[in-house]
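Residue numbers (my numbering), protein chains in the order written: chain P, 87 to 414; chain Z, 806 to 1102. Just so it is clear, CB atoms sit at the ideal spot from N, CA and C, and this is done for glycine as well. These numbers come from a predicted model, not from an experiment.
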Amino acid sequence: MTDAIVAPAIKATGLKVHFQTAAGLVRAVDGVDLTVAQGAFHGIVGESGCGKTTLARALIGLQPVTDGQVNILGRDRAEWARADRKGFARAVQFIFQDPLGSMSRRQTVGQTLEEPLMIHGTGDGKARRARVAELLDLVALPDTVLDRLPRSLSGGQRQRVSIARALALSPQVLICDEPLSALDVSVRAQIVNLFARLQAQLGLTIVIVAHDLAIVREVCSAVTVMYLGRVAEEGAARRFFADPAHPYSQALLSAVPSPDPRIEATRPRILLEGDPPSPRNPPPGCRFSTRCPVAEPRCREMEPALRAVPHGGAAACHLADASIHAMI
Amino acid sequence: MKNWPWAILAPAILFVLIGIFSPWIMTHDPAAQDYGALLQGPSAANWLGTDYLGRDLFSRIVGGARTSLIAMVVVLVAALAMGVVIGSFAGYVGGKTELVLISVIDIALALPSLVIALALMGVFSGENFTWMSDYWKMIVALTLAWWANYARMSRAVVVAELQQPYIEAARVMGASHIWIFTRHILPHVLGLVVVYASADAGALVLAIATLSFLGLGVAPPTPEWGQMLVDGMSYIEENPALVIIPGLALTAVVVSFNLLGEAFALQKVPRAVRGRFLARKRAARAAEETARNEVQA
């Protein structure tokens, strides 16, 4: 029976990434459990410095993990990458925040796209060029860009090239570290649509780190909210956007402007005071308690575990049920 | 660079051309002695005159260019290879290996190259090294004296490139360390180091002449400018050309190579770009130039 259950695309348990800095130990990711179902479009959101990029990098092994385990497609990530680096690369790919920096400045687009195929010894020169043409088609780039250097491309084109390169090896899982934040707002929508189309077309599992909730709402099927290295809330996107359970999620969502001016004028907003505490020295109890508008004394003493909330998902809040009504 | 005196590069270019084609340019055997014509002035038979053994000065100058050119090229290539390999290895591997190698590089850099070369020539004069000719002893000594600077530069480039995100991207694509090094890092290393090597060519020509001047380099029958200077000094009153001509040749070549190096430095160290890209750039620049000239006219 258990054989019939499909292994999740990504399953992280008790993941910790700590950095030793001159100023002390930084707990960038501090005990995160994450499950990404196969075929999901999973968004990871949170403020700057909450550890979402570190988490994404740890998932693919770009960041040494202090503690915990990452399973990808049912296999232990570290062991898989050690035993079969190329096989792992064919299964999981990563898209970087800065498309320009992630490409060699002396390689043309054609060479950049051909490189993964050459590393993996796929086909002869002719077959590789055919595949490169196919990839350009997939990300809707004209083949006139082939001979250009990344520097001479526009931001949107660069990110398209880096997406095409990640897809060259036909991975099953794509992890994207803020792939949109380097882009112009007008281009973002195009790239978001590209991601959505690719996911449907290729049956990819996509994990996307973002801080723009409007985009997450547009495309994601599941959401994980991080705060100070921990998961604050997780669950299906539909439930999350309709009925956020964690006060932090509520505050985040209330900061997303509405395109309708009538709603925009009257919608309630929750303003959080101050900055998130330093990950060097997290507060006792609930990590959000220092800024939480509905914090109670027990919040400052006891750290809440992730608990199931109505209509699916989980939130790390003592008041997960009550807070919804307390806030809005 | 617009008003840059390009003519100053002529001696360097001439030196290379003469060095390559010297057997066809020489009018006499540079080692052939003619006791009937000692210390002669310029004539139709001996264009620049003859030295104290009646050897043709012109042919010896031409032959000396070849001697220096070969030594210079061999030393540069060998020192470059050694420096790039050691420096890149240090930068790529990092950790304690890097620390040890950097210490070796720093010690080598702390001593003037010529002093190291002289010390090594002293060592090589021992009986364990009789199998090497003086010429090759000089080449080995200069190589061992010259590699450290390239090693230091290579290491710096490697360390800087390794921090670029595209190296991580290559890792994610499953590239091996060898792939990353040869495909992504080595071109950057060579792009920089080769330019500096071209600037070093002048200093090397001078070092070769210096060693020969001190009697440590090329053995007598082979023509070499430094040695010709020493030999000519004793006869400076009879035929000053014996000193002046090798001296002028040496000065012109060294100055020319140094300015070549400076030209590269002023260009902010060109990237080793692909031919097509370079051609396109050149075309764009030419078009710009014509447009400007038209405006002026």
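Within 8 Å, strictly: CB atoms of residue i and residue j
i               : j               : result
residue 1047(Z) : residue 1031(Z) : no
residue 998(Z)  : residue 885(Z)  : yes
residue 187(P)  : residue 291(P)  : no
residue 185(P)  : residue 106(P)  : no
residue 356(P)  : residue 379(P)  : yes
residue 100(P)  : residue 115(P)  : no
residue 178(P)  : residue 259(P)  : yes
residue 335(P)  : residue 311(P)  : yes
residue 404(P)  : residue 385(P)  : yes
residue 151(P)  : residue 142(P)  : no
residue 1000(Z) : residue 1059(Z) : no
residue 113(P)  : residue 365(P)  : yes
residue 914(Z)  : residue 953(Z)  : yes
residue 295(P)  : residue 278(P)  : no
residue 870(Z)  : residue 1065(Z) : no
residue 1022(Z) : residue 911(Z)  : no
residue 950(Z)  : residue 921(Z)  : yes
residue 419(P)  : residue 309(P)  : The first residue shown for chain P is 87 and the last is 414, placing residue 419(P) beyond what the model contains.
residue 1013(Z) : residue 866(Z)  : no
residue 947(Z)  : residue 880(Z)  : yes
In DSSP terms, what residue i is bridged to
i               : result
residue 322(P)  : 308(P)
residue 401(P)  : 319(P) and 393(P)
residue 367(P)  : None, per the DSSP bridge assignment.
residue 156(P)  : 98(P)
residue 313(P)  : 316(P)
residue 162(P)  : 157(P)
residue 262(P)  : 181(P) and 294(P)
residue 957(Z)  : According to DSSP, which records beta bridges pairwise, residue 957(Z) is partnered with nothing at all.
residue 129(P)  : 294(P) and 309(P)
residue 115(P)  : 103(P)
residue 120(P)  : 98(P)
residue 1036(Z) : DSSP output for residue 1036(Z) lists no bridge partner at all.
residue 855(Z)  : 861(Z)
residue 110(P)  : 107(P)
For residue j and residue i, believed in contact at Cβ under 8 Å, the rounded distance
i               : j              : result
residue 248(P)  : residue 989(Z) : Actually they are not in contact, since the Cβ atoms of residue 248(P) and residue 989(Z) sit about 16 Å apart, beyond 8 Å.
residue 318(P)  : residue 402(P) : 6 Å
residue 195(P)  : residue 231(P) : 5 Å
residue 993(Z)  : residue 964(Z) : Not quite, the Cβ-Cβ distance comes to about 11 Å (not below 8 Å), so this is no contact.
residue 1103(Z) : residue 841(Z) : A question about residue 1103(Z) goes unanswered here, because the residues of chain Z that appear run from 806 up to 1102.
residue 943(Z)  : residue 958(Z) : About 24 Å separates the two Cβ atoms, so there is no contact after all.
residue 417(P)  : residue 979(Z) : Any answer about residue 417(P) is impossible in this case: the structure gives chain P only from 87 up to 414.
residue 122(P)  : residue 293(P) : 6 Å
residue 217(P)  : residue 250(P) : That belief does not hold up - the Cβ atoms of residue 217(P) and residue 250(P) are roughly 10 Å apart, past 8 Å.
residue 48(P)   : residue 265(P) : One cannot answer for residue 48(P) here, as it falls past the ends of chain P, which runs 87 to 414.
Chain Z residues whose Cβ lies nearer than 8 Å to that of residue i
i              : result
residue 256(P) : The contacting residues do not exist; residue 256(P) stays about 13 Å from chain Z at best.
residue 180(P) : 974 and 977
residue 187(P) : 969, 970 and 971
residue 42(P)  : Examination of residue 42(P) is not possible in this model, given that chain P is present from 87 through 414 alone.
residue 184(P) : 970
residue 175(P) : 977, 978 and 979
residue 165(P) : Within 8 Å Cβ-Cβ: nothing; residue 165(P) doesn't reach chain Z, min ~16 Å.
residue 202(P) : 978 and 979
Where residue i meets chain Z, residues with beta-carbon distance less than 7 Å
i              : result
residue 267(P) : Simply none; closest approach about 14 Å.
residue 59(P)  : Because residue 59(P) is not part of the residues shown, which for chain P are 87 to 414, the question remains open.
residue 388(P) : Near residue 388(P) there are no residues of chain Z at all, since even the closest Cβ is about 40 Å away, more than 7 Å.
Within chain Z, partners of residue i - CB distance below 9 Å
i              : result
residue 215(P) : Those within 9 Å of residue 215(P) in chain Z number zero; the least Cβ separation is about 16 Å.
residue 220(P) : Those within 9 Å of residue 220(P) in chain Z number zero; the least Cβ separation is about 17 Å.
residue 319(P) : By Cβ distance, chain Z contributes nothing, its closest Cβ being about 29 Å from residue 319(P), past 9 Å.
Chain B contact residues for residue i, given Cβ-Cβ distances below 8 Å
i               : result
residue 1092(Z) : Of the protein chains in the structure, P and Z, none is chain B.
Within chain P, partners of residue i - CB distance below 7 Å
i              : result
residue 984(Z) : 205
residue 980(Z) : 205
Within chain P, the residues that residue i reaches when beta carbons sit closer than 8 Å
i              : result
residue 992(Z) : 192
Selection of the stretch 957-978 of chain Z by Cβ proximity to chain P, strictly under 8 Å = 969, 970, 971, 973, 974, 975, 976, 977 and 978
Residues within the stretch 821-839 of chain Z neighbouring chain P, beta-carbon criterion of under 9 Å = none
request  = Using a Cβ-Cβ cut-off of less than 9 Å, list which residues of the stretch 302-315 of chain P approach chain Z; keep chain order.
outcome  = none
ask   = Taking a cut of 9 Å between CB atoms, which residues from the stretch 336-363 of chain P lie near chain Z?
value = none
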